[in-house]
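Trainee: Under numbering that gives the first Met the number 0, residues 0 to 120 are what the sequence shown spells out, in order. By construction, the Cβ of each residue, glycine as well, lies at the ideal position given by its N, Cα and C atoms. All values reported here derive from a predicted model rather than from experimental measurement.
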Amino acid sequence: MNQLSMTGRLVADAKSLRKPTADKSGTFAITIACQTGKDDKGNPLSYFFDVYGSYRSNEWLDHLKKGLSVAISGYIFYSDKTDKEGKKHRNFAIRAMSLEFVLPPKEKAEENKPAEEDSPF
């Protein structure tokens, strides 16, 4: 069984690889960074994953901006490639079957933070 679920933060705006048409979904690509702990010096460790998925409207794609936290469910796949020097490489990526917004980017969270006088407590 090949299933995964993970959360991470987009490191760049989403790219449209194929625009949607009346009969087909479009394809998008994002890269997410997942923090996994700290190194010996206390610096955060992050791993970067390329993620591909489908979308039906450009309005939805416009929300996938750098800094956004997302939760992804999907599966891992790979492709074998040969570089210009003839060396073979296996590239792993994630195919997103579902994507949910977890938190807004840090600057948006600060903008949407209620003022103390707005607090009901």
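(1) Out of Asn-1, Ser-15, Asp-12, Gly-7, which one is the CA nearest neighbour of Val-69?
(2) Rounded to whole angstroms, what's the CA-CA distance from Met-48 to Met-5? Just pull it up for me.
(3) Let me check one thing: in DSSP terms, what residues is Asp-49 bridge-paired to?
(4) Span of the beta strand (DSSP E) holding Leu-60?
(5) Can you look up Ala-13 in the DSSP assignment and give me helix, strand or coil?
Mentor: Answer, in terms of the structure:
(1) Checking every option, the nearest Cα to that of Val-69 belongs to Gly-7.
(2) For the sequence presented, residue 48 should be read as Phe rather than Met. Taking the straight line from one Cα to the other gives about 10 Å.
(3) For Asp-49, the beta-bridge partners assigned by DSSP are Thr-30.
(4) Element bounds for Leu-60: not the beta strand (DSSP E) but the alpha helix (DSSP H), 57 to 60.
(5) Coil at Ala-13, not helix or strand.
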